[in-house]
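Enquirer: Mind having a look at this structure? Questions to follow.
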Amino acid sequence: MTKNILMMNQKNGKGIIDIYGEVVPESWRFEGEMSATHFKEQLDRLSDVEEITVNLNSPGGSVYEGLTIYNMLKRHKARIVVNVDGLAASIASVIAMAGDVIRMPENSMLMIHNAMTMQMGNADDMRETAELLDKVSGSIMTTYLSKSNKINEATLKALMDAETWLTADEALHYGLVDEVTATRELVACASEKQLNVFNKTPERFMKMVETPEEADEESKETKIDEEIERRFSQLEGRIGAIEQKLEELTETEENEPGDSEPEAKNGFSRFVF
5 MTKNILMMNQ KNGKGIIDIY GEVVPESWRF EGEMSATHFK EQLDRLSDVE EITVNLNSPG
65 GSVYEGLTIY NMLKRHKARI VVNVDGLAAS IASVIAMAGD VIRMPENSML MIHNAMTMQM
125 GNADDMRETA ELLDKVSGSI MTTYLSKSNK INEATLKALM DAETWLTADE ALHYGLVDEV
185 TATRELVACA SEKQLNVFNK TPERFMKMVE TPEEADEESK ETKIDEEIER RFSQLEGRIG
245 AIEQKLEELT ETEENEPGDS EPEAKNGFSR FVF
């Protein structure tokens, strides 16, 4: 996975931070992922720059980590430029709203939806969690509205309720980005498992996570499934032949004089599988 990169040019007073990967708590963070703690470490090193560019390609992740990153950027004295290099989904789209200027290439996407979580517990626990999710979604909505003056609350809520994947032009239409730029080559920013969390992930993003090795593995699995199906078909044929033979033997026994066992309901009555 691509590393998060910090670049500084003190002469020009500019710095760059890449968020390429999932946004997670620091204790969960692996290479290529971003936490609020790790982001702060990089941001602190850019205290004297006049402009910071944040390059985003992320499926989102932890709401609280993302909101912390957003707030750190909003407080920073530097001019913030955000580039959505491929995907800014879920809380990553909220981080994008921290930009004084937000740019999206023509082939990138911005996904907005309501907050989600997993919860175990009784009915009271579930109700409490649902209320908390509503509050978090409301906070996220406020963040989008603080950026855009082209969309009203009702329209935004409908888009979030529907888990909406916005193209660059659509995001520009709703005032969630400022500029649409030339197409860039997209790179994967998440695993298939991460993207499967969403309900409407576009196929082109799902295809990006499939490596040649995974494609070969899928081909092997297909061949195995076909072989299993073929053998099951053969087995069914053999079972049918055995059943027919048992019925013939049963009929023969019934026609012979002498003691016999009670009549069986079917030819398999004496067998346990």
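So for the sequence shown, our numbering puts the first residue at 5; every next one is plus one. Yeah, the Cβ is synthetic: ideal placement off N, Cα and C, and Gly gets one too.
1) Whose CA, out of 110, 119, 115, lies closest to the CA of residue 100?
2) How many angstroms separate the CA atom of residue 183 from the CA atom of residue 106?
3) Would you report the Cα separation of residue 214 and residue 68, rounded to the nearest angstrom?
4) Excluding the five sequence neighbours on either side, which residues of its own chain have a C-beta within less than 8 angstroms of the C-beta of residue 104, listed in chain order?
5) CB-CB under 7 angstroms to residue 16, same chain, minus the five flanking residues each way: which ones, in chain order?
6) Roughly how many whole angstroms lie between the Cα atoms of residue 112 and residue 154?
7) Once the 5 residues before and after residue 54 are set aside, which same chain residues still bring their CB inside 6 angstroms of it?
8) State the Cα-Cα distance for the pair residue 130 and residue 165, rounded to the nearest angstrom.
9) CA-CA distance, residue 246 and residue 237?
10) Take residue 216 and list the residues in its own chain whose beta-carbon comes closer than 7 angstroms to its own, dropping the five residues that flank it on each side.
11) The beta strand (DSSP E) that contains residue 92, what's its start and end?
12) Can you name the residues that DSSP bridges to residue 185?
13) Just to confirm the assignment, what range does the beta strand (DSSP E) spanning residue 170 have?
14) Go ahead and label residue 89 buried or exposed: buried means 16 or more other beta carbons lie within 10 angstroms of its beta carbon, across all protein chains shown.
Expert: Quick answer:
1) Of 110, 119, 115, the residue nearest in Cα terms is 115.
2) About 6 angstroms.
3) Confidence is the limiting factor: at residue 214 the pLDDT is only 46, short of 50, which leaves the residue's position unreliable and the question unanswerable from this model.
4) Closer than 8 angstroms at the Cβ level, and outside the excluded window around residue 104, lie 83, 84, 85.
5) Result list for residue 16: empty, nothing under 7 angstroms.
6) Whole-angstrom Cα-Cα distance: 20 angstroms.
7) By the criterion of a C-beta distance shorter than 6 angstroms, residue 54 is surrounded in its chain by 17, 82, once the five residues flanking it on both sides are discounted.
8) Put simply, the backbone Cα of residue 130 is about 19 angstroms away from that of residue 165.
9) In this structure, the CA atom of residue 246 is about 14 angstroms from the CA atom of residue 237.
10) Residue placement at residue 216 is poorly supported in this model, since its pLDDT is 45, which falls under 50; the coordinates still yield a value, given next. Short of 7 angstroms from the beta carbon of residue 216, and not among the five residues preceding or following it, lies no beta carbon of its own chain.
11) Counted as a single uninterrupted DSSP element, the beta strand (DSSP E) harbouring residue 92 occupies residues 83–93.
12) Beta-bridge pairing by DSSP links residue 185 to 109.
13) For residue 170, the enclosing beta strand (DSSP E) has its first and last residue at 168–171.
14) It counts as buried.
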